[in-house]
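> First, the structure itself, so that you have it in front of you.
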Amino acid sequence: MYCFRSHSRVIGNFAQLYIPLSLNPRSFKPTFQSNPIAKQSYIKRTMVTAMGKRLEGKTIVITGASSGIGKSTAKEFARTSPKNLKLIVTARRIDALKQLAQDIKEEVGDGVKVLPVQLDVSSPEQISNFVSSLPEEFRDIDVLVNNAGLVKGVAKAPEIDPKDTDIMFSTNVTGLINMTQAILPIFKKRDDGGRGDIINIGSIAGREPYPGGSIYCATKAAVRSFTDALRKELIATRIRVIEIDPGQVETEFSVVRFYGDKSKADAVYA
């Protein structure tokens, strides 16, 4: 596994999903051949401009946005398209979401409208009321980032606490599925046969299970299977289904795993 100290690095810039595939390095002027740094700088500027244009006017939902990858993802989208974007950031900690909204406003200005929404994705009832409770201007959602997830404990069978199993599955699996089912009708009703983007945050753990993480690994394997099946089900539409599988990331993830023991969490990244 890899440990990234910078959240923005692990994000891999989700906004790159909107990069035109027509960029061709061979089309650059010959002067770049002797200056690779200038060439890379030009590529980056071109890509950022293209991403920003494709994001303009979009409405994006990000779950688990109060910290870690979700928080950094929200900031990255805002930086990429600072002139005309709507972000719906959700999590259980509303104060953290309000602070995120303020941080984004201070950094990029009023071009990005941020709506903080308190939401526990492990609650089917909260998800069922999510879309209908949104202000009208935020309901035409274009992108769903299913980021909310957690891990509890390092116990091995048969010592795994059933409560830990329940919360991991209800958040990581059924929460993700329920959010997808809540937003997907918005995508499918569009006149062009269905259009939108679903970005599911999986994990390398869903591909390479490890001792002491059997339940968490199982939840991420479930996310991978659901994502693959959903992509096939929607293949005839313009709805894109994407999975991002990070490795080890320094966030509050391990603090939750060790039930708030920060010293144990810090040791993971030492």
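So the sequence shown is numbered by numbering that gives the first Met the number 0: it starts at 0 and just counts up by one.
Just so you know, even glycine gets a beta-carbon here, dropped at the ideal spot from N, CA and C.
Taking all protein chains shown into account, decide if T79 is buried (16 or more other Cβ within 10 angstroms of its Cβ) or exposed.
Buried.
> Please state if the CB of K82 and the CB of E55 are separated by a distance shorter than 8 Å.
The answer is yes: Cβ separation under 8 Å.
> At what residues does the alpha helix (DSSP H) containing G69 begin and finish?
67-79
> Helix, strand or coil: how does DSSP classify I234 here?
coil
> Give me, in chain order, the residues of the same chain whose beta-carbon lies closer than 8 Å to that of P123; leave out the 5 immediate sequence neighbours on both sides.
T173, N177
> If you follow the alpha helix (DSSP H) that D196 is part of, which residue opens it and which one closes it?
Unbroken run through D196 is the beta strand (DSSP E), 194-200; no alpha helix (DSSP H).
> Pick helix, strand or coil for K151, following the three-state DSSP scheme.
coil
> Output the distance between the C-alpha atoms of L86 and P210, rounded to the nearest integer angstrom.
38 Å
> Going by other Cβ atoms of all chains shown within 10 Å of its Cβ, with 16 needed for buried, is S66 buried or exposed?
By the 10 Å Cβ count, S66 comes out buried.
> Look up K188 in the DSSP assignment and say whether it is helix, strand or coil.
coil
> Classify D196 as buried or exposed, calling it buried when 16 or more other Cβ atoms lie within 10 Å of its own Cβ.
D196 comes out buried.
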